[in-house]
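Numbering (this note's numbering), first residue to last: 134 to 358.
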């Protein structure tokens, strides 16, 4: 079940150019059937559904007619995954809402003339969004959207790569109960929420802060421009 979505998505990426060419071709070829199959089932959502269906079929054969055990296994899986999906979806909606505001222009006005301040600012914006809505991916996308305009128009004095590194470091900070990754680690490691907050969260926070200092030092010594 795990290999099915990975394989389908990978095949769709490998044959991407051939798939696009087959769509515009006026002549029918046998290979178009294969490419159409890969294009349809290689779509990420359908590929994941295929993996889930394969896993369910394997579970049915494993339980061998024991309906109670089958229902319990499916229920536990849905309870664990459902919470993660809902939290991630809510976080994505919150991040998209922030991107629609005019906060980018305001930040550009506040940091005018303080180019080096954009690195810790990018770090802080990502950290705040990450802590508020949970998803590191959404936090990085949101911070990138906020800072993209000013990072391309201002004379930074260093490569924009360092802004990206600061955003990546900020996404490490303060993982807690609204983070889907937090729950995955919690469930897979058999740790309680309290234990994870004492170990996993401080470790990632320290990693992010250390990365910020390294990024600022590197931007000063090796501006790459």
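Note that the Cβ used here is the ideal one computed from N, Cα and C, for glycine as well.
Nothing here was measured: the structure is a model prediction, and the numbers come from that model.
task = Using the Cα positions of residue 142 and residue 176, report the straight-line distance between them to the nearest angstrom.
result = If I take the Cα positions, the gap works out to 7 Å.
Residue 344: first and last residue of the uninterrupted alpha helix (DSSP H) it sits in = Run containing residue 344: 326-354, per the alpha helix (DSSP H) assignment.
key: residue 306 - DSSP class collapsed to helix/strand/coil   = Looking at residue 306 - three-state DSSP - the assignment turns out to be coil, as it is neither helix nor strand.
inquiry  = Please report the straight-line C-alpha distance between residue 347 and residue 302, rounded to a whole angstrom.
reply    = Our two residues, residue 347 and residue 302, have alpha carbons roughly 10 Å apart in a direct line.
key: Burial state of residue 204 (16 or more Cβ within 10 Å)   = Looking at its Cβ environment, which holds fewer than 16 other Cβ atoms inside 10 Å, residue 204 is exposed.
task = Work out the CA separation of residue 180 and residue 162 for me, nearest whole Å.
result = Those two C-alpha atoms are separated by around 25 Å.
key: Inter-stretch contact (C-beta, 8 Å, three-pair minimum) for the stretch 287-299 and the stretch 248-259   = With the cut-off at 8 Å, the stretch 287-299 and the stretch 248-259 touch.
request  = Please classify residue 176: does DSSP put it in a helix, a strand, or coil?
outcome  = Here residue 176 sits in coil by DSSP.
inquiry  = Tell me the DSSP secondary structure of residue 286 in three-state form.
reply    = Bear in mind that the predicted position of residue 286 carries a pLDDT of just 46, short of 50, making it too unreliable to give a figure here.
message = Going by DSSP, what residue range makes up the alpha helix (DSSP H) through residue 320?
response = Run containing residue 320: 313-322, per the alpha helix (DSSP H) assignment.
task = Could you pull out every residue in the same chain whose Cβ sits closer than 8 Å to the Cβ of residue 171, ignoring the five residues on either side in sequence?
result = Taken in chain order, the residues that qualify are 141, 144, 145, 148, 152.
ask   = Is the distance from the Cβ of residue 263 to the Cβ of residue 218 below 8 Å?
value = Going by C-beta atoms, residue 263 is not nearer than 8 Å to residue 218.
Three-state secondary structure assigned by DSSP to residue 233 = The DSSP-derived three-state label of residue 233 is coil.
request  = Determine the direct distance from the alpha carbon of residue 173 to that of residue 158, and round the result to whole angstroms.
outcome  = Approximately 17 Å between the Cα atoms of the pair.
key: Residue from 178, 154, 213, 166 whose Cα sits closest to the Cα of residue 316   = Of the candidates 178, 154, 213, 166, the one whose C-alpha sits nearest the C-alpha of residue 316 is 213.
inquiry  = What does the Cβ neighbour count give for residue 274, buried or exposed, with the cut at 16 atoms within 10 Å?
reply    = Flag for residue 274 reads buried.
inquiry  = Going by DSSP in three states, residue 197 sits in which element: helix, strand or coil?
reply    = Here residue 197 sits in coil by DSSP.
Host alpha helix (DSSP H) of residue 254 (start-end) = Counted as a single uninterrupted DSSP element, the alpha helix (DSSP H) harbouring residue 254 occupies residues 251-266.
query = Taking the C-alpha atoms as reference points, what is the distance between residue 349 and residue 341?
reply = Spanning the two alpha carbons is a distance of roughly 12 Å.
query = Buried or exposed: residue 305, going by 16 or more other Cβ atoms within 10 Å of its Cβ?
reply = With 16 or more other Cβ atoms within 10 Å, it is buried.
message = In whole angstroms, give me the CA-to-CA distance for residue 265 and residue 310.
response = Approximately 11 Å, taken between the alpha carbons.
message = Please report the straight-line C-alpha distance between residue 182 and residue 208, rounded to a whole angstrom.
response = Between residue 182 and residue 208, the C-alpha separation is close to 17 Å.
message = I'd like the span of the alpha helix (DSSP H) that includes residue 138, first residue to last.
response = From DSSP, the alpha helix (DSSP H) with residue 138 extends over 136-147.
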